[in-house]
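Engineer: Structure in structure tokens, see below.
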Amino acid sequence: MQHHYQTYIPEKAIPIVQYLIEQHHFTLKIVNQRQTKHGDFRKMPNGRFQITINNSLNPYQFLLTLIHEIAHHVTYQKFGRVQPHGKEWKTIFQHLMLPFLQPDIFPNHLLPILANYLKNPRASTDADVKLSLAFKEYSKEIGKNYIFEVPYGSLFKFKKGIYKRGNKRRTRFECLHTTNKRVYLFNQNVEVEIYKE
Numbered sequence: 001m002q003h004h005y006q007t008y009i010p011e012k013a014i015p016i017v018q019y020l021i022e023q024h025h026f027t028l029k030i031v032n033q034r035q036t037k038h039g040d041f042r043k044m045p046n047g048r049f050q051i052t053i054n055n056s057l058n059p060y061q062f063l064l065t066l067i068h069e070i071a072h073h074v075t076y077q078k079f080g081r082v083q084p085h086g087k088e089w090k091t092i093f094q095h096l097m098l099p100f101l102q103p104d105i106f107p108n109h110l111l112p113i114l115a116n117y118l119k120n121p122r123a124s125t126d127a128d129v130k131l132s133l134a135f136k137e138y139s140k141e142i143g144k145n146y147i148f149e150v151p152y153g154s155l156f157k158f159k160k161g162i163y164k165r166g167n168k169r170r171t172r173f174e175c176l177h178t179t180n181k182r183v184y185l186f187n188q189n190v191e192v193e194i195y196k197e
């Protein structure tokens, strides 16, 4: 069960990940995409630890998410219950990521963006717009646009709804749902489909 993750990460990262899995005992499960999160770490009722990662991530995002979750596990082992994304976790995450920051594993132009993100990693990689967009270059769905590419006043489809793009706030766009007439805020790097009438 443990080792089908190899197909999901850059080849040169496999030995380091293998070592981490053997060193910090946990079960790794690859699951269908969840809208709300890329990965998850939890202690199971039987006392074992489990990490789950979405199968929809590109290799670089998958690797970063996996190390993010392993960092939660290591933090828990070392410090017990502390703030989920507090200073202990940040330090461990930075330390665990260091061996991976090399051009054999991540494309050159991703390295400085990753290094910058790791100076003060946030709870979600999506919170770092530069990193999130850099990752999306490797996984952007065909036929999709980012919301910031949708012209003001144009219609777009997201999930089952049709929305009209409105004003930009600091980092998000106000979009009007054409059916229920409510305004929703969209992050600028959400992928949507331009609506052709």
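Note that my numbering numbers the sequence shown so that position 81 is 81, with each residue one more than the last. Note that beta-carbon positions come from the ideal geometry of N, C-alpha and C, so glycine has one too. Quantities reported herein were computed from a predicted structural model and do not represent experimental measurements.
#1: When you compare the CB positions of Val192 and Lys164, do they come within less than 8 Å of one another, or not?
#2: In chain order, what residues of the same chain lie with their CB nearer than 6 Å to the CB of Met1, ignoring the 5 residues before and after it?
#3: I'd like the span of the alpha helix (DSSP H) that includes Leu133, first residue to last.
#4: On the three-state DSSP scale, how would you describe Leu28?
#5: What is the residue span of the beta strand (DSSP E) that Phe41 lies within?
#6: In or out: Pro107 buried (at least 16 other Cβ within 10 Å) or exposed?
#7: Do you know how far the Cα of Ala123 is from the Cα of Gln83?
#8: Contact check, Tyr138 vs Asn187 under 8 Å by CB: the rounded distance?
#9: Inspect the CB distances between the stretch 92-107 and the stretch 115-122 and report whether three or more fall short of 8 Å.
#10: For chain B, find out if any of its Cβ atoms is closer than 8 Å to the Cβ of Arg42; answer yes or no.
#11: Work out the CA separation of Leu110 and Ser132 for me, nearest whole Å.
Structural biologist: Once the coordinates are examined:
#1: no
#2: Residue placement at Met1 cannot be trusted, given a pLDDT of 37 that sits under 50; the coordinates are not used to answer.
#3: 129-136
#4: In the three-state reduction of the DSSP assignment, Leu28 falls in the strand class.
#5: 39-43
#6: Exposed, since its Cβ has fewer than 16 Cβ neighbours within 10 Å.
#7: One Cα belongs to Gln83, the other to Ala123, and the distance between them is close to 11 Å.
#8: With a beta-carbon spacing of about 19 Å, Tyr138 and Asn187 fall beyond the 8 Å limit used to define contacts.
#9: yes
#10: You won't find chain B in this structure, because it holds only one protein chain.
#11: 11 Å
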